[in-house]
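Let me begin by presenting the structure, written as structure tokens, before commenting on it.
4 protein chains.
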Amino acid sequence: MKQATNYAEYLQINSLLNLQKSLSGSAGVKPCHDETLFIIVHQVYELLFKQILHELDSFVEEFSRPPVSENSLGYLVARLERVTQVEDLFIPLLEILETMSPMDFLEFRTLLVPASGFQSVQFRELEIKLGLYYRKGEKTVAAHVMRALNPEEQAKVSGFLATPSALALVEGWLERMPFIAAEHFDFWHEYEFAVLGMLAEERRLLARHSSQDPAAAQQLLQQWEETQLIFTSLFNADAYGVLQASGQRTLSQKATLGALFIFLYRHEAILHQPYRLLTALLTIDEKLTAWRYRHALMAHRLLGSKVGTGSSSGHQYLQKAAEHSRIFVDLFNLSTFLLPLSQLPKLPANLKKSLNFS
Amino acid sequence: MKQATNYAEYLQINSLLNLQKSLSGSAGVKPCHDETLFIIVHQVYELLFKQILHELDSFVEEFSRPPVSENSLGYLVARLERVTQVEDLFIPLLEILETMSPMDFLEFRTLLVPASGFQSVQFRELEIKLGLYYRKGEKTVAAHVMRALNPEEQAKVSGFLATPSALALVEGWLERMPFIAAEHFDFWHEYEFAVLGMLAEERRLLARHSSQDPAAAQQLLQQWEETQLIFTSLFNADAYGVLQASGQRTLSQKATLGALFIFLYRHEAILHQPYRLLTALLTIDEKLTAWRYRHALMAHRLLGSKVGTGSSSGHQYLQKAAEHSRIFVDLFNLSTFLLPLSQLPKLPANLKKSLNFS
Amino acid sequence: MKQATNYAEYLQINSLLNLQKSLSGSAGVKPCHDETLFIIVHQVYELLFKQILHELDSFVEEFSRPPVSENSLGYLVARLERVTQVEDLFIPLLEILETMSPMDFLEFRTLLVPASGFQSVQFRELEIKLGLYYRKGEKTVAAHVMRALNPEEQAKVSGFLATPSALALVEGWLERMPFIAAEHFDFWHEYEFAVLGMLAEERRLLARHSSQDPAAAQQLLQQWEETQLIFTSLFNADAYGVLQASGQRTLSQKATLGALFIFLYRHEAILHQPYRLLTALLTIDEKLTAWRYRHALMAHRLLGSKVGTGSSSGHQYLQKAAEHSRIFVDLFNLSTFLLPLSQLPKLPANLKKSLNFS
Amino acid sequence: MKQATNYAEYLQINSLLNLQKSLSGSAGVKPCHDETLFIIVHQVYELLFKQILHELDSFVEEFSRPPVSENSLGYLVARLERVTQVEDLFIPLLEILETMSPMDFLEFRTLLVPASGFQSVQFRELEIKLGLYYRKGEKTVAAHVMRALNPEEQAKVSGFLATPSALALVEGWLERMPFIAAEHFDFWHEYEFAVLGMLAEERRLLARHSSQDPAAAQQLLQQWEETQLIFTSLFNADAYGVLQASGQRTLSQKATLGALFIFLYRHEAILHQPYRLLTALLTIDEKLTAWRYRHALMAHRLLGSKVGTGSSSGHQYLQKAAEHSRIFVDLFNLSTFLLPLSQLPKLPANLKKSLNFS
């Protein structure tokens with residue numbers, strides 16, 4: 000017979016509440032009041048990271064065993080959406096930490112040197128498992144990341160590169176989508192034609208509304224030309240290869256077409272979950288990026304232009320990192336190639352047939 | 000020379016991330032995916048409770064050594080306001096837990112019996128330190144609370160009654176306010192007169208607008224009479240004693256007048272922080288109450304009318320508990336006796352003088 | 000050629016920003032500073048109500064033309080989930096309003112009499128369209144609601160009863176679910192058997208853990224018996240009729256079985272969207288209820304035990320109304336009858352076949 | 000006798016709910032479902048901007064009539080803190096808008112050209128009244144802003160430059176602080192000495208921990224030298240002038256010292272409200288910046304690399320604008336010069352005396 004369960008034992012509360020040891024108080028002196036806040040907020044973040052990794056791992060595991068069944072898509076999407084809800088706590092947690100004034104932080108800041116959030120192994124795991132290095136095409140963890148870690152941590156973090164990332168697995172899954180097979184060539188041709196029409200229309204709009212300011216008009220025109228170029232590359236393997244080589248695109252041409260098809264025909268029953276899945280990944284990335292940026296603002300507020308405890312060069316570095324650490328950028332860029340419903344090519348019957356319930 | 004600090008050691012990350020042991024997985028079987036969520040969300044709550052208790056303890060300590068200096072009021076208010084920000088995570092955390100479906104919860108629910116949130120010692124500490132039992136005039140912890148605990152926990156929880164609660168200390172602090180001293184009798188007399196005028200005006204409004212529905216009008220009239228009665232008691236020790244005896248009021252007559260004065264003349268510089276302090280206590284209580292109610296809804300959603308794991312009788316019980324566990328109700332009720340600025344008696348010169356910076 | 004669009008004209012900004020007329024300032028006197036806040040917060044609520052109604056109307060329209068296609072389920076679910084996100088602004092908006100102190104409110108409160116949130120026609124529309132009166136089995140709008148309205152508003156509000164509510168339409172949709180047809184009798188029989196087993200197990204748990212306190216044990220036993228009774232009624236038209244007659248259940252027996260099936264077998268691809276849909280309705284209701292309760296706390300804070308401007312009898316009334324106005328209670332109660340996956344009857348082949356993509 | 004007030008009339012509900020005219024539906028065609036969302040979300044933003052401007056105007060008005068009394072500081076701080084709570088709705092509102100998919104936006108996007116959020120006069124007013132142009136030392140509104148507006152709007156927006164901004168007024172208020180007067184020269188001398196000590200300590204820490212990586216060490220050293228330089232300038236009018244001339248600082252030397260004093264001695268009773276005021280301004284700016292950045296991410300998500308409806312060059316432009324539009328940067332930078340309590344010079348008796356209640 001099972002032993003009766005006790006709340007405190009089950010959740011290991013006594014151990015949990017015994018893990019907040021202030022450095023400022025160790026010398027017989029009363030610890031700084033706000034160091035407790037500092038510790039607890041960071042521990043809450045680590046617990047939340049663990050939860051996110053738990054969801055992500057189940058996603059990676061399932062996507063590593065193709066084909067991914069319809070049934071499992073249902074709960075995997077729910078888990079990714081749960082991740083976005085967990086992320087919703089990230090900025091409020093920062094704002095709780097910001098109730099500590101810069102002066103109160105100063106009281107114990109030097110004791111922490113050179114400890115730094117840079118040393119969070121779980122956060123590095125999260126970045127890597129989402130696909131940060133896959134996106135950048137790198138095979139090793141960045142030197143400035145490794146430098147902050149001790150050898151044991153370095154080994155762990157490097158190890159995360161061995162598992163395929165969410166981004167890599169999603170790419171494979173998109174490439175396997177049946178609707179991008181060669182037999183549907185005509186369909187894609189029709190789509191290409193429609194987008195070219197839309198781009199021509201945008202060109203006309205630019206001409207009409209930008210005439211007041213020649214310099215600005217010139218710049219917009221140039222931007223339009225880039226868009227046109229990028230779009231053409233979707234159907235030209237060589238041109239697409241150039242984009243990939245320059246780091247402007249990560250996902251393969253085939254995977255990009257797969258994602259595009261899901262976005263465009265998301266109303267078809269069989270695409271409901273795939274569309275939700277891509278959207279959840281977009282949102283996970285977006286919230287992570289917004290949090291990084293917000294974190295840079297907090298660093299500025301707490302430290303001014305002081306150097307961070309982990310010797311990072313402070314808030315300006317952090318701010319740029321927000322942009323450089325985005326992972327699912329290709330999904331954001333997809334919107335460049337969308338069409339309004341009214342201009343969308345009708346699906347051929349054989350394709351349509353495969354997209355609904357029996 | 001101080002040892003260089005490492006993030007993981009400082010925050011005891013390895014220990015922290017080792018405290019999530021699923022019951023559902025112990026038998027060689029793969030644990031239920033969502034049990035991790037269940038554990039982590041509860042652990043985050045306990046960390047947040049610890050933070051709140053940390054702030055509350057510093058408040059209790061300072062208020063236990065009167066007089067409370069102007070200087071310390073400043074940071075104590077900031078700490079109470081921080082508590083309200085921590086509470087802002089409570090409902091979002093519940094909503095994250097609710098991403099677990101009732102069916103997923105069922106997978107491991109029976110393993111938890113009879114563990115229950117009822118056994119959170121820190122939550123009981125929080126209730127007691129805020130003043131739950133002081134408000135109810137009880138000298139012992141409620142039997143249904145004790146029943147859920149083991150002897151060691153019972154001893155701990157009973158022990159919290161030994162320290163004065165925030166409510167009790169605030170009462171003492173309010174009673175010491177100089178402006179309610181006997182020498183200011185005339186001022187209070189004038190105030191009484193003004194409120195009676197306002198009540199008479201309300202009476203007229205009732206008469207004018209309620210005529211359409213005699214039954215409703217009758218009820219409102221009765222309510223008005225009660226208000227009138229309660230107000231009169233503010234200046235009549237015997238009548239006030241009756242309210243206290245019946246549990247309608249906790250704070251002493253003197254403390255109530257003190258709080259009222261702070262609300263009414265909050266614009267005076269010396270009352271800025273006292274007003275913020277009372278407001279923060281109100282808000283702490285309000286958010287706690289809203290969370291309890293929301294928790295009852297979650298219980299209903301997860302369990303239907305099933306009995307809770309700790310054998311509580313479920314969501315209806317929890318719902319009522321939200322109302323019965325409010326602590327600073329007297330501060331909410333204060334609004335009954337407020338006056339618009341235009342009808343507020345001018346402060347006598349000697350009182351006014353004491354309320355500003357030199 | 001289309002006229003170029005201007006932001007201010009498109010959004011009618013000038014008109015919008017011209018709709019905030021303070022009553023407190025009309026007499027040549029400077030208006031109360033916080034009356035603007037009061038007006039704007041209420042106007043934002045009304046805009047958000049309009050948005051919610053817009054989504055709800057599209058749901059009602061589509062569900063009024065059965066059969067509801069798989070394709071439309073996809074976007075209808077997204078719209079209901081959007082409603083829950085809009086509701087997430089409701090409590091923060093209240094908290095912004097609460098930054099107005101009770102004293103500041105008093106400055107203009109009497110000018111508002113007898114205006115009241117009770118007179119929000121859109122809010123009544125929302126309640127009615129969700130199914131408040133359908134749930135209560137009433138054919139007319141409650142007298143205390145009508146009393147607050149002028150004849151024109153009364154006509155409008157009564158008119159909303161003419162359209163079928165979301166609750167009524169969902170009931171019909173659930174009743175049409177193929178898997179509750181008579182041919183699946185054996186399946187339901189097996190399910191009944193499994194739940195009875197679970198209930199017996201719960202009975203054993205109760206016996207084991209409640210022995211310390213005979214009175215509490217007695218109460219829990221009684222509660223268990225009620226659960227048993229309610230469950231049995233699911234398969235007994237007469238017993239179920241009794242529950243409906245007493246107001247304990249709204250949804251028909253058939254619809255309840257349909258919802259139960261969706262909850263239990265939600266992992267099957269064809270049930271992904273139906274499960275999300277029921278969950279979204281639950282959440283809409285839950286957030287609305289939590290907001291009503293929070294609103295009652297605000298009323299207490301702002302008014303104490305004063306009578307509301309619309310002559311409602313104040314916060315206690317509002318608090319009870321939160322519970323009485325819940326609409327999808329039957330969906331909350333469903334959890335009573337769920338089974339863990341391990342005890343769930345296998346789906347018969349013919350049923351299973353119909354639940355997946357071709 | 001006052002006319003009885005009606006909710007709908009008071010809040011002008013009928014007019015309010017009549018301001019949502021879809022462009023997509025004007026041609027006899029059914030309007031796009033999500034255009035309503037687009038309109039309502041923008042209208043809610045405009046209402047919230049109006050509320051923020053209402054608070055800001057009261058601040059500007061009061062600060063334009065020095066000296067600012069202690070009493071009014073109390074409610075002005077509360078109003079600025081209210082602004083931060085209103086800003087808390089900004090990102091959730093964006094996220095509600097993001098429930099509209101890029102494809103749904105495409106359906107009506109071209110109809111909006113060239114309308115754009117760039118044309119929000121209230122948002123320009125907000126930027127200007129906070130002090131955007133004061134910080135940049137510009138005397139006219141930026142050309143790219145003006146270009147988007149019609150002549151009437153241009154006149155309005157230029158007009159906002161005529162009123163002193165919050166930033167300018169706060170600078171004046173800080174300069175008037177008594178504790179930076181010449182008679183306190185010795186105190187500031189002592190403070191300078193203490194900070195130099197702290198900087199020397201930081202220098203030692205850098206040397207100890209950065210030895211592993213010469214390049215990084217070099218960079219940090221350089222950053223440290225800049226900090227040292229900037230700090231020295233606080234007490235050297237010429238050096239400070241150089242910082243101002245290069246746009247690295249906006250606030251005058253005197254105002255900066257005033258703000259620094261408030262941060263350092265915030266525990267003194269008379270500085271409670273000034274400290275809260277500066278903190279509120281910091282937070283207002285921080286939340287505005289975080290929202291701008293988040294808005295850039297949304298633009299990327301909705302449009303990819305398409306050109307914005309107002310012909311802005313899209314999300315990259317918006318992202319940089321977040322950084323360039325920060326207004327109270329000097330307050331963020333203050334943290335560079337703070338000292339821990341333990342190293343803080345004791346206040347001279349004559350200064351200390353003036354900082355407390357009589």
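Protein chains in written order, with numbering that gives the first Met the number 0: chain G, 0 to 357; chain R, 0 to 357; chain A, 0 to 357; chain H, 0 to 357.
Note that beta-carbon positions come from the ideal geometry of N, C-alpha and C, so glycine has one too.
Only a predicted model underlies this, so the values are computations on that prediction, with no experimental measurement involved.
Note down, in chain order, every chain A residue with its Cβ under 8 angstroms from the Cβ of residue i.
i: S304 of chain R; result: Q222, E225, T226, I229, N332 and T335
Which residues in chain G sit within 8 angstroms of residue i, going by Cβ to Cβ distance?
i: G116 of chain R; result: Y6
So, at 7 angstroms on beta carbons, what are the nonlocal neighbours of residue i in its own chain, with the 5 sequence-adjacent residues on each side left out?
i: R78 of chain A; result: E54, S57 and F58
i: P344 of chain H; result: F186, E189, Y190 and A193
i: E80 of chain H; result: A279
What are the start and end residues of the alpha helix (DSSP H) that includes residue i?
i: K351 of chain A; result: A348 to K352
i: G158 of chain R; result: P150 to G158
i: T288 of chain R; result: H271 to L302
i: E267 of chain A; result: Element bounds for E267 of chain A: n/a, residue is neither H nor E.
i: Q84 of chain G; result: E69 to E86
i: H183 of chain R; result: Segment: none, H183 of chain R is in no alpha helix (DSSP H) and carries neither H nor E.
i: H57 of chain H; result: With the sequence shown as reference, residue 57 of chain H is identified as Ser, and His is not the correct amino acid for it. Segment E34 to F62, the alpha helix (DSSP H) holding S57 of chain H.
i: T231 of chain A; result: P213 to S232
Could you tell me which chain H residues have their CB closer than 9 angstroms to the CB of residue i, listed as they occur along the chain?
i: N149 of chain A; result: N5 and A7
What does the alpha-carbon distance come out to for the pair residue i and residue j?
i: L277 of chain G; j: L330 of chain G; result: 8 angstroms
i: Y74 of chain R; j: H266 of chain H; result: 7 angstroms
i: H314 of chain A; j: A298 of chain A; result: 5 angstroms
i: L338 of chain G; j: A193 of chain G; result: 8 angstroms
i: D103 of chain R; j: F62 of chain G; result: 21 angstroms
i: G130 of chain R; j: L111 of chain R; result: 30 angstroms
i: L47 of chain H; j: S100 of chain A; result: 19 angstroms
i: V76 of chain R; j: A147 of chain A; result: 41 angstroms
i: R293 of chain H; j: H323 of chain H; result: 15 angstroms
i: P163 of chain G; j: K128 of chain G; result: 7 angstroms
i: L15 of chain A; j: F159 of chain A; result: 27 angstroms
Residue i versus chain G: which residues are under 7 angstroms apart at the beta carbon?
i: I51 of chain R; result: The contacting residues do not exist; I51 of chain R stays about 10 angstroms from chain G at best.
Give me the chain A residues within the contact set of residue i, using Cβ-Cβ distance strictly less than 7 angstroms, ordered along the chain.
i: D185 of chain H; result: The premise fails here: D185 of chain H is roughly 43 angstroms from chain A at the closest Cβ pair, so nothing lies under 7 angstroms.
i: R300 of chain R; result: L281, E285, F331 and S334
Counting only Cβ pairs nearer than 8 angstroms, list the residues of chain R close to residue i.
i: V194 of chain A; result: Within chain R, no residue comes near V194 of chain A; the closest Cβ sits about 11 angstroms away, beyond 8 angstroms.
i: L263 of chain A; result: M102
Give me the chain G residues within the contact set of residue i, using Cβ-Cβ distance strictly less than 9 angstroms, ordered along the chain.
i: L338 of chain H; result: M102 and L105
Using a Cβ-Cβ cutoff of less than 6 angstroms, which residues in the same chain neighbour residue i once the five nearest sequence positions on both sides are dropped?
i: S357 of chain R; result: Low local confidence applies: a pLDDT of 43 at S357 of chain R is under 50, so the model's placement there is unreliable, and no value is given.
i: L96 of chain H; result: V40
i: Y132 of chain G; result: none
Who are the neighbours of residue i on chain H, taking C-beta pairs under 8 angstroms?
i: T98 of chain A; result: A77, E80, R81 and Q84
Excluding sequence positions up to five away, which residues of its chain have a Cβ less than 8 angstroms from the Cβ of residue i?
i: N17 of chain A; result: none
Quiz item: Hey, which unbroken runs of the alpha helix (DSSP H) at 4 residues or more fall wholly within the stretch 96-147 of chain A?
Solution: 101-111, 120-129, 131-135 and 142-146
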